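As structure tokens, the structure follows; a few thoughts come after it.
Chains as they are written, first to last, in our numbering: chain Z, 1 to 132; chain V, 1001 to 1132.
What follows is the structure, encoded as structure tokens:
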């Protein structure tokens, strides 16, 4: 094999590897952000202890590895007709795609959270959305 | 004034400035993330044109300077009893504190969005939450 031919093949291999990396990166950026936003209504909304117990449970839950980022919140002071501020705790999770959210649902840490904390709430509303 | 005295005053001024910067940074980190999550139900949920018009309006709206980050989404394919997937478009905004959200509400770009797009929806539900 001539040096020129070897150089060509080497360059072609490099180009191919570079293309593969670029395609992989492109596929990664194409993953749609998945927002899993949960609102909790407590059985005893006046109980500071129950609210604290739920927040503590969510903090334990937040270590699930597929969670990209999370926010534990409570209703802001804003108050207009269109605003629902009747819930007690907001649990906003970001995932890098649907698969990570599906994995979170069956994660033992999540199952344990439901087991330990579900007695605290009377109602949960979930909005799952994916980036357009 | 002696050199020693001048040096002392200079160092005191530096220390004071450094303390002010540190306090400012501390106050900034204490600002609670404000999540303003809006769900839109369209008048004509089957109309691709109306959904596209709302999304285009939200993209125009997203340039408001006080918005820290935003996500335009649609219901994910997930479907369980607790999941509300009856809305058409999700508009999730992050602000660095309540003041930025209040500013957004009266921003001319926001007022113009409402003027141009409010005919598209029949119902809006807003959840405002601040980090605990």
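Each residue gets a CB set at the ideal place from its N, CA and C atoms; glycine is no exception.
For clarity, every value in this text was computed on a predicted model and none was experimentally measured.
Which one of the options has the shortest CA to CA distance from residue i?
{"i": "residue 34 of chain Z", "options": "Z:120, Z:99, Z:124, Z:112", "result": "Z:99"}
{"i": "residue 1092 of chain V", "options": "V:1075, V:1083, V:1121, V:1111", "result": "V:1075"}
{"i": "residue 1058 of chain V", "options": "V:1103, V:1038, V:1044", "result": "V:1038"}
{"i": "residue 78 of chain Z", "options": "V:1123, V:1097, V:1046", "result": "V:1097"}
{"i": "residue 1047 of chain V", "options": "V:1128, V:1129, V:1121", "result": "V:1121"}
{"i": "residue 1102 of chain V", "options": "V:1132, V:1064, V:1116", "result": "V:1064"}
{"i": "residue 1128 of chain V", "options": "Z:131, Z:90, Z:111, Z:112", "result": "Z:90"}
{"i": "residue 1066 of chain V", "options": "V:1043, V:1095, V:1111", "result": "V:1095"}
{"i": "residue 958 of chain V", "options": "V:1131, V:1045, V:1116", "result": "Here chain V has residues from 1001 to 1132 only, and residue 958 of chain V is not among them."}
{"i": "residue 55 of chain Z", "options": "Z:73, Z:43, Z:80, Z:44", "result": "Z:73"}
{"i": "residue 45 of chain Z", "options": "Z:86, Z:112, Z:130", "result": "Z:86"}
{"i": "residue 68 of chain Z", "options": "Z:32, Z:111, Z:112", "result": "Z:32"}
Contact check, residue i vs residue j under 8 Å by CB: the rounded distance?
{"i": "residue 1088 of chain V", "j": "residue 1041 of chain V", "result": "6 Å"}
{"i": "residue 1126 of chain V", "j": "residue 1071 of chain V", "result": "Contact doesn't hold; Cβ gap of about 15 Å is too wide."}
{"i": "residue 124 of chain Z", "j": "residue 1082 of chain V", "result": "5 Å"}
Give the interface partners of residue i over in chain V, defined as CB-CB distance under 8 Å, in chain order.
{"i": "residue 34 of chain Z", "result": "1076"}
{"i": "residue 71 of chain Z", "result": "1033, 1035, 1129, 1131"}
By the criterion of Cβ-Cβ separation under 7 Å, what are the contact partners of residue i in chain V?
{"i": "residue 92 of chain Z", "result": "1035"}
Going along chain Z, which residues have a C-beta under 9 Å from residue i?
{"i": "residue 1097 of chain V", "result": "In chain order: nothing, as chain Z lies at least about 10 Å away."}
{"i": "residue 1082 of chain V", "result": "38, 123, 124, 125, 126"}
*Per the contact definition of three or more C-beta pairs closer than 8 Å, is the region 102-109 of chain Z in contact with the region 47-56 of chain Z?*
The answer is no - the region 102-109 of chain Z does not touch the region 47-56 of chain Z, with fewer than three Cβ pairs under 8 Å.
*Using a beta-carbon distance cut-off of less than 7 Å, what residues from the region 43-58 of chain Z approach chain V?*
55
*For the region 114-130 of chain Z, which residues have a beta carbon sitting closer than 7 Å to at least one beta carbon of chain V?*
Within the region 114-130 of chain Z, the residues whose Cβ lies closer than 7 Å to any Cβ of chain V are, in chain order, 124, 125, 126, 127, 128, 129, 130.
_Residues of the region 1058-1069 of chain V whose Cβ lies closer than 7 Å to any Cβ of chain Z, in chain order_ = none
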